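Participant: Take 4 as the starting number for the sequence shown in the working numbering and just add one per residue. Okay, handing you the structure first.
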Amino acid sequence: MNPAETRGVQDLVRLCRVLGRDPLLVQAGGGNVSVKLPPDRLLVKASGLRLAEVSAARGWARADAGLLRRGLAALAGIRSALPRDRAYADLLGRAGRTPGWRVSMEAGFHALIPDRCVAHVHSVAGLLLGALPPAQARRRIRRILGAGVRIASVPAAVPGAELSLALARALGRGARLGAGPRKPLLAVLRGHGLVWGAETAAELLRLSAALETALRAEFGLDRYPPPHLCGSRGCRRAPAPRAEGWGELCFCRWPGCRLDFRPAFPDFVVYFSLWGRGAPDLVRTSERSALLRADDAAGRRAKAEVLFAHALAHTAAGARGMPGLPPAMVRAIAGLESERLRLAQAARRGAPSSAQGPSR
Numbered sequence: 004m005n006p007a008e009t010r011g012v013q014d015l016v017r018l019c020r021v022l023g024r025d026p027l028l029v030q031a032g033g034g035n036v037s038v039k040l041p042p043d044r045l046l047v048k049a050s051g052l053r054l055a056e057v058s059a060a061r062g063w064a065r066a067d068a069g070l071l072r073r074g075l076a077a078l079a080g081i082r083s084a085l086p087r088d089r090a091y092a093d094l095l096g097r098a099g100r101t102p103g104w105r106v107s108m109e110a111g112f113h114a115l116i117p118d119r120c121v122a123h124v125h126s127v128a129g130l131l132l133g134a135l136p137p138a139q140a141r142r143r144i145r146r147i148l149g150a151g152v153r154i155a156s157v158p159a160a161v162p163g164a165e166l167s168l169a170l171a172r173a174l175g176r177g178a179r180l181g182a183g184p185r186k187p188l189l190a191v192l193r194g195h196g197l198v199w200g201a202e203t204a205a206e207l208l209r210l211s212a213a214l215e216t217a218l219r220a221e222f223g224l225d226r227y228p229p230p231h232l233c234g235s236r237g238c239r240r241a242p243a244p245r246a247e248g249w250g251e252l253c254f255c256r257w258p259g260c261r262l263d264f265r266p267a268f269p270d271f272v273v274y275f276s277l278w279g280r281g282a283p284d285l286v287r288t289s290e291r292s293a294l295l296r297a298d299d300a301a302g303r304r305a306k307a308e309v310l311f312a313h314a315l316a317h318t319a320a321g322a323r324g325m326p327g328l329p330p331a332m333v334r335a336i337a338g339l340e341s342e343r344l345r346l347a348q349a350a351r352r353g354a355p356s357s358a359q360g361p362s363r
């Protein structure tokens, strides 16, 4: 490993660890991070681990950034979603350069963005920001961060090829060609969080912390602690009878609660079987509680984190409501070929990782 790659791995691990330990930024196996190296290489978080589990020794992969960009340009001409999704999965496999680790399914847009450090987070504050009209969201960002960032608004898109192409369109021709950046980037993905781009890990983390601190205060997110098991100490609700593998989560400590199961972001579709992929594994038991089923403790933790973020987004949206993903998009995510590939990839790494679901 040469000095440039050593520094790149250090920056990648730092970003993964800091962003991955905040449940309002990343839940379960979600989120992805990359660092670019000359001449046209990419170090990117790999599938099968949580962000916070990435280390210098495991959890990342090298990729050919130029091959990813050229491949995505070719995919833009494929109109049918299923062939495009399969071609994209094949592209990711061909672009990877680290045996045993498959690059993140979002590696495509990491290659398109010219900034050296890129991070995609499933920020709850970012979801609420993306639910606002783009002009209003832009004004909030400018008020918090000033004029020192490039801002892009990206419409809701299926993860993978569709999202990468949508982000390329939002950023414009310069990003697609890999032109050098002049300011850090903040892309607001409707229904999918935020994408940051910056020259250094320190700059990216500084901007993320500034925006998150301000938005969480404005949206009142600190009033909502993570849910707990019904019947645990201090809980106001007795647990409902349940079968093996089920656990009941309670939100009784929230000032208000909206357990709306309309998908507000893709991982709610990925982690829960509510769209024809088997028996439902999430059941509302009251206005403030829900039963969820998982195979083991790691699976319960992952699903609890996703449900927490989902309930928080719907609740904090208040009277204006949180827009659900379009039904066609929900169906596409539920049957996404690349998601099934990542589930299989995680399963091959062992039970703890497989229970976390697909890694972005």
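Backbone N, C-alpha and C define an ideal beta-carbon position, used for all residues, glycine too. All values reported here derive from a predicted model rather than from experimental measurement.
Residues in the same chain with beta-carbon distance under 6 Å from Gly11, minus the five sequence neighbours each way, listed in chain order, please.
Facilitator: Answer for Gly11: Val38, Leu40, Leu46, listed in chain order.
Participant: CB-CB under 8 Å to Ala84, same chain, minus the five flanking residues each way: which ones, in chain order?
Facilitator: The residues are Val161, Glu165, Ala335.
Participant: Three-state secondary structure (DSSP) at Val29?
Facilitator: Coil.
Participant: Looking at the strands, I want to know which residues DSSP matches up with Leu295.
Facilitator: Note: Leu295 sits in a beta bridge opposite Gly250, Leu285.
Participant: How close, in whole Å, do the beta carbons of Ala204 and Cys120 come, if the pair is a contact with beta carbons under 8 Å?
Facilitator: Indeed, because the Cβ distance is near 5 Å, the residues count as touching under 8 Å.
Participant: Tell me which same chain residues have a C-beta within less than 6 Å of the C-beta of Ala155, skipping the five on either side of it?
Facilitator: Hits under 6 Å: Ala173, Leu174, Ala190.
Participant: Contact between the stretch 305-322 and the stretch 263-272 is defined here as three or more beta-carbon pairs at a separation below 8 Å; is this criterion met?
Facilitator: The stretch 305-322 is in contact with the stretch 263-272.
Participant: Quick check on the DSSP output: the beta strand (DSSP E) that includes Ala201 runs from which residue to which?
Facilitator: Element bounds for Ala201: 196-201.
Participant: Would you identify the three-state DSSP class for Gly313, choosing helix, strand or coil?
Facilitator: Looking at the sequence provided, one finds His at residue 313 rather than Gly. Looking at His313 - three-state DSSP - the assignment turns out to be helix.
Participant: Give me the Cα-Cα distance between Leu262 and Val36, rounded to the nearest whole angstrom.
Facilitator: The straight-line gap from Cα to Cα measures roughly 30 Å.
Participant: For Gly129, which residues from the same chain have a beta carbon less than 6 Å from its beta carbon, with the 5 sequence-adjacent residues on both sides left out?
Facilitator: Excluding residues within five positions, the ones whose Cβ falls inside 6 Å are Gly196, Leu197.
Participant: Do you know offhand how far Gly327's Cα is from Phe254's?
Facilitator: Going from the Cα of Gly327 to the Cα of Phe254 covers about 21 Å.
Participant: Between Trp249 and the rest of its own chain, which residues show a CB-CB distance below 6 Å, the 5 nearest in sequence each way excluded?
Facilitator: Once the five neighbours on either side are set aside, the close Cβ partners of Trp249 are Leu294, Arg296.
Participant: Would you call the CB atoms of His125 and Phe112 closer than 9 Å?
Facilitator: No, they are not a contact pair.
Participant: I need the DSSP call for Gly183, collapsed to helix, strand or coil.
Facilitator: Because the pLDDT of Gly183 is 48, which lies under 50, any placement of that residue in the model is unreliable, and the number read from its coordinates should be weighed accordingly. Three-state result, Gly183: coil.
Participant: Can you name the residues that DSSP bridges to Gly99?
Facilitator: BP columns for Gly99 point to Ala66.
Participant: Are Leu170 and Leu210 touching if we call contact CB-CB under 9 Å?
Facilitator: Cβ distance not < 9 Å, so Leu170 and Leu210 don't count as in contact.
Participant: In the DSSP assignment, the beta strand (DSSP E) including Gly156 goes from what residue to what residue?
Facilitator: Reading off the sequence shown, one finds Ser at residue 156, where the question assumed Gly. 153-157 is the extent of the beta strand (DSSP E) around Ser156.
Participant: Do you know offhand how far Ala213's Cα is from His313's?
Facilitator: Cα to Cα, Ala213 sits roughly 23 Å from His313.
Participant: Could you give the DSSP three-state label for Ala307: helix, strand or coil?
Facilitator: Three-state result, Ala307: helix.
Participant: Can we say the stretch 301-311 touches the stretch 236-244, given the rule of at least three CB pairs closer than 8 Å?
Facilitator: No: fewer than three Cβ pairs fall under 8 Å.
Participant: Considering only their Cβ atoms, is the gap separating Arg44 from Asp67 smaller than 9 Å?
Facilitator: Yes, the Cβ-Cβ distance between Asp67 and Arg44 is below 9 Å.
Participant: Assuming Cys19 is part of the alpha helix (DSSP H), what are its boundary residues?
Facilitator: Residues 6-23.
Participant: Can you give the Cα-Cα distance for Ile81 and Arg87, rounded to whole angstroms?
Facilitator: Using only the alpha carbons, I get a separation of about 6 Å.
Participant: Given a threshold of 16 other Cβ atoms within 10 Å of its Cβ, counted over all protein chains shown, does Gly163 qualify as buried or as exposed?
Facilitator: Looking at its Cβ environment, which holds 16 or more other Cβ atoms inside 10 Å, Gly163 is buried.
Participant: Could you tell me the alpha carbon to alpha carbon distance between His231 and Trp199, rounded to whole angstroms?
Facilitator: Answer to the nearest angstrom: the Cα atoms are 32 Å apart.
Participant: DSSP on Ala243, reduced to helix/strand/coil?
Facilitator: Three-state DSSP puts Ala243 in coil, outside helix and strand.
Participant: Just the Cα atoms here: how many angstroms apart are Gly194 and Arg236?
Facilitator: Roughly 35 Å separates the two Cα atoms.
Participant: What is the rounded straight-line gap between the Cα of Leu22 and the Cα of Pro283?
Facilitator: Cα to Cα, Leu22 sits roughly 31 Å from Pro283.
Participant: How many Å lie between Met325 and Leu208 at the Cα?
Facilitator: Cα-Cα distance, rounded: 27 Å.
Participant: What three-state label does DSSP hand Leu46 in the structure shown?
Facilitator: Looking at Leu46 - three-state DSSP - the assignment turns out to be strand.
Participant: Ends of the alpha helix (DSSP H) at His113?
Facilitator: Here the alpha helix (DSSP H) through His113 covers 110-115.
Participant: If contacts are defined as beta-carbon pairs under 8 Å, then Leu285 and Val127 qualify, I think. What distance do you get, rounded to the angstrom?
Facilitator: Contact flag wrong, Cβ pair sits at about 19 Å.
Participant: CB Arg143 to CB Leu135, shorter than 9 Å?
Facilitator: Closer than 9 Å, so yes.
Participant: How would you write the range of the alpha helix (DSSP H) that Ala173 sits in, first residue to last?
Facilitator: From DSSP, the alpha helix (DSSP H) with Ala173 extends over 164-174.
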